[in-house]
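>
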Amino acid sequence: MRKLLLTASIIAIGAAVMPASAETVRWARNSDSLTLDPHSQNQGVTHTFAHHIYETLVDREVDGSLIPRLATDWSVKADDPNVWVFKLREGVKFHDGADFTAEDVVFSLDRARSDKSNMKQLHASVESVTAVDDHTVEVKMAGPSPLYPNNLTNTFIMDKTWTEANNAVTVQEAGSADDNYAVRNANGTGPYILESRDPDVRSVLKINENHWAETKPAVTEIIFLPIADNATRVAALLSGEVDLVQDVPVQDIERLSNTAGLKVETGPENRFIYFGYRVSEAPLKTSNITDKNPLSDVRVREAMHLAIDRNAIKQVVMRGQSMPTGVANPPFVNGWTPELDAYPEKADIEGAKKLLADAGYADGFTITLDTPNNRYINDEAISQAVVGMLGQIGIKVTLASRPVTQHSPLIQNEETDFYLLGWGVPTFDSAYVFNDLIHSKEGHYGAYNPSGYSNKELDAKIQSLGTEVDLDKRNATIAEIWAKVQEDRVLLPIHNQVLAYAMKDGLSLAVHPENQPRLYNITIGQ
Amino acid sequence: MTTQPNLAPPAAAKPRSRLYRMWDSDIFFSFRRSPVTIVAAIVAVLLIGAALLAPWIAPYNPFDPSSLNLMDGFTPPNSQSMMGNYFLMGSDHQGRDVFSTILYGSRVSLFVGVLATAFAMLIGISLGLTAGYVGGKTDAVIMRVADIQLSFPAILIALLIFGIARGIIPPSKQENMALWVLIIAIGLSNWAQFARTVRGATMVERQKDYVSAARIMGVHPLFILVRHVLPNVMAPVLVIATIGLALAIIEEATLSFLGVGVPPTQPSLGTLIRIGQQFLFSGEWWILFFPAITLILLALAVNLLGDWLRDALNPRLR
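Protein chains in written order, with full-length UniProt numbering: chain A, 1 to 526; chain B, 1 to 318.
1) Say whether the region 161-168 of chain B touches the region 231-245 of chain B, bearing in mind that this needs 3 or more beta-carbon pairs closer than 8 Å, one atom from each stretch.
2) Could you work out which residues of chain A lie near Gln277(B), taking near to mean beta carbons separated by less than 7 Å?
3) For Arg233(A), is the classification buried or exposed, using 16 other Cβ atoms within 10 angstroms of its Cβ as the cut-off for buried?
4) With DSSP collapsed to three states, give me the class of Ile227(A).
5) What are the partner residues of Lys77(A), as DSSP defines its beta bridges?
6) Is it buried or exposed, Phe418(A), if we count other Cβ atoms within 10 angstroms and call 16 or more buried?
7) Helix, strand or coil: which one does DSSP assign to Asn232(B)?
8) Are there 16 or more other CB atoms within 10 angstroms of the CB of residue 321(B), so buried, or fewer, so exposed?
9) If you draw a straight line from the C-alpha of Ile287(B) to the C-alpha of Leu70(B), how long is it?
10) Applying a beta-carbon distance threshold of less than 9 Å, which residues of chain A neighbour Leu70(B)?
11) So, is Ser21(A) buried or exposed, given that buried needs 16 or more other C-beta atoms within 10 angstroms?
12) At the 8 Å Cβ level, is Val404(A) part of the contact set with chain B, yes or no?
13) Assign His47(A) to one of two classes, buried (16 or more other C-beta atoms within 10 Å of its C-beta) or exposed (fewer than that).
14) Using a 10 Å radius around the Cβ and a threshold of 16 neighbouring Cβ atoms, would you call Gly525(A) buried or exposed?
15) Using a cut-off of 7 Å between C-beta atoms, extract the partners of Asn373(A) located in chain B.
16) By a C-beta neighbour count over all protein chains shown, 10 Å radius and 16 as the cutoff for buried, is Ala312(B) buried or exposed?
17) According to the Cβ coordinates, are Arg89(A) and Ala112(A) closer than 8 Å?
18) Val204(A) lies in the beta strand (DSSP E); which residues open and close that run?
19) By DSSP's criteria, Phe152(B) is part of a beta bridge. Which residues make up the other side?
20) Name the residues in the region 25-38 of chain A whose C-beta lies less than 7 Å from a C-beta of chain B; which are they?
21) Please list, in chain order, the chain B residues whose beta carbon lies closer than 9 Å to that of Arg255(A).
22) What separation, rounded to the nearest whole angstrom, lies between the Cα atoms of Val260(B) and Val211(B)?
23) Against Gln174(B), what residues of chain A qualify as contacts under a CB-to-CB distance less than 8 Å, listed in chain order?
24) Per DSSP, which one or two residues make a beta bridge with Glu442(A)?
25) Select from the region 79-109 of chain B all residues with a C-beta closer than 8 Å to any C-beta belonging to chain A, and list them in chain order.
26) I need the DSSP call for Asp472(A), collapsed to helix, strand or coil.
27) Can you pull the DSSP bridge partners for Phe156(A)?
28) Thinking just about the alpha-carbon of each residue, which of His39(A), Lys504(A) and Val76(A) is nearest to the one in Thr163(A)?
29) What residues from chain B crowd round Asp252(A), counting only those whose CB sits closer than 8 Å?
30) For the beta strand (DSSP E) containing His495(A), list its first residue and its last residue.
31) Just the chain A side, please: which residues come within less than 9 Å of Phe152(B) by C-beta, in chain order?
32) Alpha carbon to alpha carbon, how far is Ile293(B) from Leu269(B)?
33) Considering only residues of the same chain and omitting the five flanking positions on each side of Asp59(A), which have a CB-CB separation below 7 Å?
34) Rounded to whole angstroms, what's the CA-CA distance from Ile193(A) to Arg278(A)? Just pull it up for me.
35) Should Ser196(A) be labelled buried (16 or more other beta-carbon atoms within 10 Å of its own) or exposed?
36) Between His95(A) and the rest of its own chain, which residues show a CB-CB distance below 7 Å, the 5 nearest in sequence each way excluded?
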């Protein structure tokens with residue numbers, strides 16, 4: 001009995017002392033990082049998690065400006081406008097103790113633009129990467145690329161020796177069953193070290209005492225907990241099982257901000273939610289019309305655009321927490337204009353029905369809509385609402401709802417006729433949207449364009465954006481491309497997301513416009 | 001001293017209608033004597049009847065997305081929405097009438113439950129008859145498989161089968177097949193109880209003279225099983241089937257609650273509960289409450305009927 005008491009008191013003392021010595025933040029969001037291989041998935045949740053372990057050459061401030069991270073300085077080479085020169089930070093070490101050198105940067109950029117990489121479109125115009133000395137790297141571009149550093153904010157640097165020693169040089173191909181050592185292990189330069197990982201359950205990060213930054217993070221341990229179910233995630237915060245919930249369901253914002261001891265931060269995200277569809281001539285896989293593709297007719301796409309009541313989705317499904325839009329481009333991004341953003345105030349059912357009849361589909365048609373159910377705010381409910389709205393003009397939609405890990409491969413492997421997706425724009429420039437969503441799926445381009453949309457003239461214009469130095473001329477080209485994209489209704493945008501983070505009162509973390517909160521920036525009060 | 005059994009038919013017996021004789025039977029005597037069973041039967045008949053007649057009773061058709069108006073969403077029970085539509089049990093986040101959705105959802109739940117139980121019965125009875133009649137190695141193999149299966153929770157097996165089906169069926173066909181996959185998954189996870197019971201009863205029947213007689217006369221074993229043995233093992237099977245139906249309904253609800261069941265545009269009771277629980281913290285209680293109560297009542301009523309049937313058919317309790 002005495003022994004038991006002793007043990008109990010030791011545990012009690014230990015529990016009382018713990019908070020002073022270590023600050024643990026239990027961080028819950030709706031889905032897990034898809035992989036730890038930093039070049040395998042160009043996806044927000046994966047990048048957000050990776051930013052704590054790995055680092056990039058340049059990083060982006062909350063206001064959109066670029067700031068140094070592993071590169072201290074970057075500029076176009078004086079005598080060659082096609083070459084970017086990066087000066088690297090000295091004295092940086094990887095978690096396993098190896099020195100960070102130019103060799104690692106050359107290796108990582110080459111890996112990121114390799115065939116199986118999901119990041120390759122960001123480096124499409126790179127010709128070669130060379131190390132000048134231990135702390136200088138030159139990137140030779142196909143032509144002048146004034147905005148290239150913007151593409152580097154999610155390209156993480158790995159240790160060449162570690163990756164080669166563990167046979168992880170080949171990138172795990174997105175959407176495939178590939179596997180390599182780097183998928184489950186990590187060795188970066190970042191402020192946290194991966195301590196344990198149980199995919200979809202729990203990952204633990206410990207502070208990196210040898211990190212180069214002068215100010216050490218206030219949070220010394222991060223426990224990352226994917227909790228798919230909205231109500232469970234909120235209940236976990238209410239009951240004190242977690243400290244920070246990144247994906248707060250819109251219906252619970254009010255309740256959480258009225259709860260003592262908790263607070264909610266909201267702000268706009270640099271991300272739009274849209275529907276994509278197969279527009280090529282080949283018949284759809286899931287339609288009752290088997291001899292042609294109704295969606296290859298632009299009038300049908302225009303009808304769908306008119307039938308969707310974006311304001312109703314905002315008011316009911318999103319409870320006011322969204323910014324409806326008519327263009328697949330958030331206001332943060334270069335190329336956005338209020339004119340493009342305009343959308344029908346109310347659904348025009350009659351107009352839409354007439355367009356469908358003109359196209360020869362007066363009786364409508366059937367199609368299956370693939371939607372994720374744990375990736376974006378109320379993704380499944382948005383899709384469900386759109387099923388109803390399209391039903392009113394005779395398009396009978398079957399809804400197929402899946403977790404994002406099963407949904408993404410459908411898009412990457414072109415197995416979907418009609419799908420919901422969200423797209424963030426980390427470069428803050430329209431070219432990023434064009435490269436992945438509009439350009440024909442070929443080579444470095446069109447990784448997320450399963451639509452079969454292919455316009456050679458447009459492709460040429462999109463490619464020219466990578467090398468155009470005259471910014472006025474470049475912006476004019478962007479405007480031309482947007483005009484054509486809108487005219488062809490290549491994408492069916494719904495709204496820009498508004499984010500809400502809920503946390504314990506003592507913590508302080510502002511909403512990140514790319515929804516990539518960095519927990520090393522958390523300040524702890526009281 | 002014992003009294004001689006009266007073998008002669010009662011002289012004063014009036015000719016009774018078939019219905020009256022059924023009413024007067026042992027089973028219905030015990031039915032009349034149990035108020036709980038009567039209430040359970042009334043509830044079950046009401047719920048099942050309402051589900052069957054849903055297209056005529058329900059004020060809206062929630063399975064027709066084109067009839068929905070998003071702006072009707074989140075209307076509290078017994079009130080009118082901004083669009084002027086009346087909702088007895090309120091409306092959900094898509095503007096669907098909760099009352100109509102429950103009626104249509106119960107149809108899905110019952111459809112899956114009945115077919116899954118029938119499927120489980122078919123497999124269980126066939127395997128049980130075979131095992132009990134043939135015996136030997138066949139018996140050992142079948143019963144060990146059943147033992148292994150019984151040592152896992154049924155829901156795990158259903159999830160496993162569901163996952164395999166998802167892997168086999170191409171994505172473009174998955175949604176149309178979802179209901180059938182669900183039925184097969186639940187059916188395959190519940191056959192073992194039937195097989196066990198039928199096997200035991202078959203082994204008893206097999207020893208009896210009438211079976212031996214039939215066998216000696218050269219009757220085909222299949223015929224013996226179906227015509228002679230099966231009718232004599234049906235009583236316990238019916239009891240398991242009734243309780244199994246309640247279990248299948250709950251299992252379907254669990255699978256749909258976990259998000260692997262029917263598509264959200266054609267919700268079953270489980271899907272409705274999954275949707276509703278998201279709005280519990282924000283105060284829209286009716287989206288969860290009414291489907292949950294319906295599921296409880298349905299499962300409880302069917303279960304109580306199963307309990308009663310078990311007691312009524314058990315000669316030792318008479």
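Glycine included, C-beta positions come from ideal geometry on N, C-alpha and C.
Answer, in terms of the structure:
1) Judged by Cβ distances under 8 Å, the region 161-168 of chain B makes no contact with the region 231-245 of chain B, as fewer than three pairs qualify.
2) In the second sequence, the residue the question calls residue 277(B) occupies position 277. Near Gln277(B) (Cβ distances below 7 Å), the residues of chain A are Ala231.
3) The residue labelled residue 233(A) in the question sits at position 233 within the first sequence. It counts as buried.
4) Residue numbering aside, residue 227(A) sits at position 227 when the first sequence is read from its first letter. Note: Ile227(A) maps to coil in three-state DSSP.
5) Counting from one through the first sequence, the residue named residue 77(A) turns up at place 77. Under DSSP, Lys77(A) shares a beta bridge with no residue.
6) Counted from its first residue, the first sequence places residue 418(A) at position 418. Flag for Phe418(A) reads buried.
7) Translated into positions along the second sequence, residue 232(B) becomes position 232. Residue state, collapsed to three classes: helix.
8) The question about residue 321(B) has no answer here: the residues shown for chain B are numbered 1 through 318.
9) Mapped onto the second sequence, residue 287(B) falls at position 287. Mapped onto the second sequence, residue 70(B) falls at position 70. Taking the straight line from one Cα to the other gives about 15 Å.
10) Against the second sequence, residue 70(B) aligns to sequence position 70. Neighbours of Leu70(B) on chain A, chain order: Asp309, Ala312, Ile313, Gln315, Val316, Val317, Ala385, Gly388 and Met389.
11) As a position in the first sequence, residue 21(A) is number 21, starting the count at 1. Confidence at Ser21(A) is low in this model, with a pLDDT of 49, below 50, so the placement of that residue is unreliable and no value is reported for it.
12) Within the first sequence, the letter at position 404 stands for residue 404(A). No, because no Cβ of chain B sits closer than 8 Å to the Cβ of Val404(A).
13) In the first sequence, residue 47(A) corresponds to position 47, counting from 1. It is buried - the Cβ of His47(A) has at least 16 other Cβ atoms within 10 Å.
14) As a working note, residue 525(A) is residue 525 in the first sequence. Looking at its Cβ environment, which holds fewer than 16 other Cβ atoms inside 10 Å, Gly525(A) is exposed.
15) To locate residue 373(A), count along the first sequence from 1; it is residue 373. Here the neighbours are Gly259.
16) Locating residue 312(B) in the second sequence gives position 312, where the first residue counts as 1. With 16 or more Cβ atoms within 10 Å of its Cβ, Ala312(B) is classed as buried.
17) In the first sequence, counting from the first residue as 1, residue 89(A) sits at position 89. In the first sequence, counting from the first residue as 1, residue 112(A) sits at position 112. Cβ atoms of Arg89(A) and Ala112(A): not closer than 8 Å.
18) In the first sequence, counting from the first residue as 1, residue 204(A) sits at position 204. Arg202 to Ile207 is the extent of the beta strand (DSSP E) around Val204(A).
19) Translated into positions along the second sequence, residue 152(B) becomes position 152. Beta-bridge pairing links Phe152(B) to no other residue.
20) none
21) Position 255 of the first sequence, counted from the first residue, corresponds to residue 255(A). Around Arg255(A), the beta-carbon contacts reaching into chain B at under 9 Å are Phe281, Ser282 and Gly283.
22) Mapped onto the second sequence, residue 260(B) falls at position 260. Mapped onto the second sequence, residue 211(B) falls at position 211. C-alpha separation (whole angstroms): 46 Å.
23) Within the second sequence, the letter at position 174 stands for residue 174(B). Neighbours of Gln174(B) on chain A, chain order: Ala400.
24) Working through the first sequence from its first residue, we reach residue 442(A) at position 442. Answer by DSSP bridge pairing, in chain order: Tyr445(A).
25) His93, Gln94 and Gly95
26) In the first sequence, residue 472(A) corresponds to position 472, counting from 1. Taken through DSSP and simplified to helix, strand or coil, Asp472(A) comes out as helix.
27) As a first step, residue 156(A) is located in the first sequence; it is residue number 156 there, counting from the start. Paired residue(s): Thr56(A).
28) Taking the first residue of the first sequence as position 1, residue 163(A) is located at position 163. Comparing Cα positions, the closest option is His39(A).
29) The residue given as residue 252(A) occupies position 252 in the first sequence. What Asp252(A) touches in chain B: Phe281 and Ser282.
30) Numbered from its first residue, the first sequence carries residue 495(A) at position 495. Where His495(A) is concerned, the enclosing beta strand (DSSP E) stretches over Leu492 to Lys504.
31) As a position in the second sequence, residue 152(B) is number 152, starting the count at 1. The contacting residues do not exist; Phe152(B) stays about 21 Å from chain A at best.
32) Here the question's residue 293(B) lines up with position 293 in the second sequence. Here the question's residue 269(B) lines up with position 269 in the second sequence. The alpha-carbon atoms of Ile293(B) and Leu269(B) are separated by roughly 10 Å.
33) Indexing the first sequence from 1 puts residue 59(A) at position 59. Result list for Asp59(A): Ile67, Arg69 and Thr153, in chain order.
34) Taking the first sequence and counting its residues from 1, one reaches residue 193(A) at position 193. Taking the first sequence and counting its residues from 1, one reaches residue 278(A) at position 278. Taking the straight line from one Cα to the other gives about 42 Å.
35) The count along the first sequence starts at 1 and reaches residue 196(A) at position 196. Result: exposed.
36) The count along the first sequence starts at 1 and reaches residue 95(A) at position 95. The residues are Asn187, Gly188, Ile193 and Asn208.
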